[in-house]
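This report concerns only the one structure given below.
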Amino acid sequence: MAASAGLPAANCRLVLRASLHGHREAVTCLAASDAFSLLVTGSSDRRCLLWDLGRLCLLRQLGGHEAPVAAVCINEATGELVSCAGARISLWTVNGDPVASVEAPLEPNRQILCVTMSSVGIPWWFLCLALSRH
Numbered sequence: 001m002a003a004s005a006g007l008p009a010a011n012c013r014l015v016l017r018a019s020l021h022g023h024r025e026a027v028t029c030l031a032a033s034d035a036f037s038l039l040v041t042g043s044s045d046r047r048c049l050l051w052d053l054g055r056l057c058l059l060r061q062l063g064g065h066e067a068p069v070a071a072v073c074i075n076e077a078t079g080e081l082v083s084c085a086g087a088r089i090s091l092w093t094v095n096g097d098p099v100a101s102v103e104a105p106l107e108p109n110r111q112i113l114c115v116t117m118s119s120v121g122i123p124w125w126f127l128c129l130a131l132s133r134h
């Protein structure tokens, strides 16, 4: 969808540019990158899909997840992607190649529900992650 930029909300029109089809079940999360013209979607079908927003087409699937994908994000500085499925946090390159994956120490039947990345130039290997069960 595209919105008319710079207009008051009352005058804003949303226009559907395309429908992206690829998931077999409900999409549970998504993140978009202006810098890389990418969209990443996560679904209860246990898949993450990477989309080209310029051409409005599917680029690739990000590996296999063992649980429904509940959270995704894109680093605006590097294009790196993070997906969270169950207690697993996975890091991917902008091309969809796996970089690292870790299982968070959560209680049984708990899952990660949100994730974000900073674009202040901190290298991914210096990533500090805080989880709370509130």
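So for the sequence shown, the UniProt record's numbering puts the first residue at 1; every next one is plus one. Here a beta-carbon is modelled for each residue, glycine too, at the ideal position from N, C-alpha and C.
- Under a 10 Å Cβ-count criterion, G86 is classified as buried, with 16 or more other Cβ atoms of the shown protein chains found around its own Cβ.
- Distance check between C48 and each of I74, R55 and V15 places I74 closest, using alpha-carbon atoms only.
- In this structure, V94 sits away from E76, with a CB-CB distance that is not shorter than 8 Å.
- In the displayed model, A71 falls within a strand according to three-state DSSP.
- Here V99 is exposed. Its C-beta has fewer than 16 other C-beta atoms within 10 Å.
- Annotation for R60: the continuous beta strand (DSSP E) segment containing it runs C57 to Q61.
- When DSSP reads this structure, L30 sits in a beta bridge with T41.
- Contact check for S101 and S118: beta-carbon distance about 20 Å, past the 8 Å limit, so the pair fails to qualify.
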